[in-house]
Amino acid sequence: MNLAGKKVLVTGAGGFIGSHLTERLVELGAEVTAFVRYNSRNYWGWLEESCYLKDIRVVNGDIRDYDSVRSAAKGAEVIFHLAALIGIPYSYESPIAYLKTNVEGTYNVLQAARELGTEKVIVTSTSEVYGTAQFVPISEAHPINPQSPYAASKSGADFLALSYYRSFDLPVAVIRPFNTYGPRQSARAIIPTVIAQIAAGSRKIRLGSLTPTRDLTFVKDTAEGFIQVAVSEGSVGQVINVGSNFEISIGDLAGLIARIMGAEIEIETEKERQRPAKSEVERLLADTAKAKALINWAPRYTLEEGIKETAEWIREHLAHYKPDIYNI
């Protein structure tokens with residue numbers, strides 16, 4: 001599939017990954033409709049600052065509302081479904097919100113695509129559905145073991161998407177990114193949390209658990225993974241990991257960020273930033289063999305390169321962050 005000239009819908013287009021993907025699709029010549037959440041300010045998230053905004057058709061709606069989803073999907077040949085609630089800490093506060101947004105929202109996309117005859121749907125998963133690694137590297141055959149309400153809701157959405165492929169022949173592919181980072185990411189994530197605190201002048205960095213490991217991928221690489229899943233004919237009916245095949249502990253990651261930013265730091269562990277013990281995912285390390293073989297994808301950015309670019313962006317946009325508080 002060639003995306004040039006294709007009519008494409010991106011849900012969650014105003015968000016972190018969604019905005020980067022939307023811009024990349026414009027660069028590739030796609031006719032992009034960006035689905036963003038309705039609000040009284042008519043605010044379009046990160047797309048507000050995009051140099052490509054004039055080339056994007058923005059539609060307001062709510063992923064939980066079937067009517068607005070179906071209306072946005074009408075005429076789309078390809079749908080990238082990224083709209084979701086993603087903050088793990090808040091999923092402990094309101095699990096039902098995650099079910100309504102992540103599961104019911106995915107149903108709305110799938111059902112609309114089924115009724116409208118959409119050529120392809122790419123559904124966004126997460127490495128959190130695997131839970132703590134039972135073997136490494138984690139391949140797509142790893143057991144699904146969600147340990148948070150967020151991960152459970154995303155697991156449900158994944159299986160629902162695959163059921164539409166198996167039951168109704170809907171051309172669905174599931175992309176499963178491991179931990180994505182980069183410019184525009186919120187302070188709920190570890191890398192912006194550390195960078196923003198250092199950029200704000202703090203040298204006592206407040207974090208949660210330091211021992212869990214994460215597999216980190218720069219957002220531009222993740223966006224390219226979405227593109228390759230879309231254009232690959234062999235991705236239909238498949239789940240595909242997108243990760244770096246490299247792990248680093250939270251503590252070591254904070255130290256690396258500090259060295260890159262030229263700061264000497266002291267880490268303070270705060271209980272409120274820690275997940276419940278049985279909910280913490282202790283280890284994530286992606287097996288990306290399937291992505292290489294099936295969609296010819298591999299990350300191009302090193303962790304150091306990605307952190308440098310992210311740190312530069314956050315320094316320039318520090319006003320978007322509240323580094324003195326814990327963002328859930």
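The C-terminal residue of the sequence shown carries number 328 in full-length UniProt numbering, and the numbering is unbroken. The beta carbon of each residue, even a glycine, is placed where N, CA and C say it ideally should be. Computed from a predicted structure; not experimentally measured.
Original post:
How many whole angstroms separate the CB atoms of residue 351 and ARG214, which I take to be in contact at a CB cut-off of 8 Å?
Top reply: Residue 351 lies beyond the range of the chain shown here (1 to 328); nothing can be said about it.
Original post:
Quick one: what's got a C-beta closer than 6 Å to PRO177's C-beta in the same chain, skipping five residues either side?
Top reply: THR222 and VAL242
Original post:
What do you reckon, are the CB atoms on THR106 and ALA151 nearer than 8 Å?
Top reply: no
Original post:
Are at least three pairs of beta-carbons, each pair with one atom in the region 223-230 and one in the region 16-30, less than 8 Å apart?
Top reply: yes
Original post:
What residue range is occupied by the uninterrupted beta strand (DSSP E) comprising ALA161?
Top reply: Element bounds for ALA161: not the beta strand (DSSP E) but the alpha helix (DSSP H), 149-168.
Subject >> Whole-number beta carbon distance between SER209 and GLN274, since they are thought to touch under 8 Å >> reply: 5 Å
Original post:
Could you give the distance in angstroms between the alpha-carbon of LYS292 and the alpha-carbon of VAL239?
Top reply: 13 Å
**OP:** Confirm, please, whether the CB-CB distance from GLY61 to TYR38 is below 8 Å.
**Re:** yes
Subject >> Cα-Cα separation, SER167 to PRO143 >> reply: 22 Å
**OP:** Would you give the residue range spanned by the alpha helix (DSSP H) that TYR181 belongs to?
**Re:** Counting along the chain, TYR181 falls outside any alpha helix (DSSP H), though it belongs to the beta strand (DSSP E) covering 179-181.
**OP:** Please look up how many angstroms separate the CB atoms of GLY182 and THR11, rounded, as I've assumed it's under 8 Å.
**Re:** That pair is no contact at about 20 Å.
**OP:** Run the CB neighbour count on SER153, radius 10 Å, all protein chains shown included, and call it buried at 16 or more, exposed below.
**Re:** buried
Original post:
With C-beta atoms as the reference, is LEU3 less than 8 Å away from ALA73?
Top reply: no
Original post:
What is the DSSP secondary structure of ALA34, reduced to helix, strand or coil?
Top reply: strand
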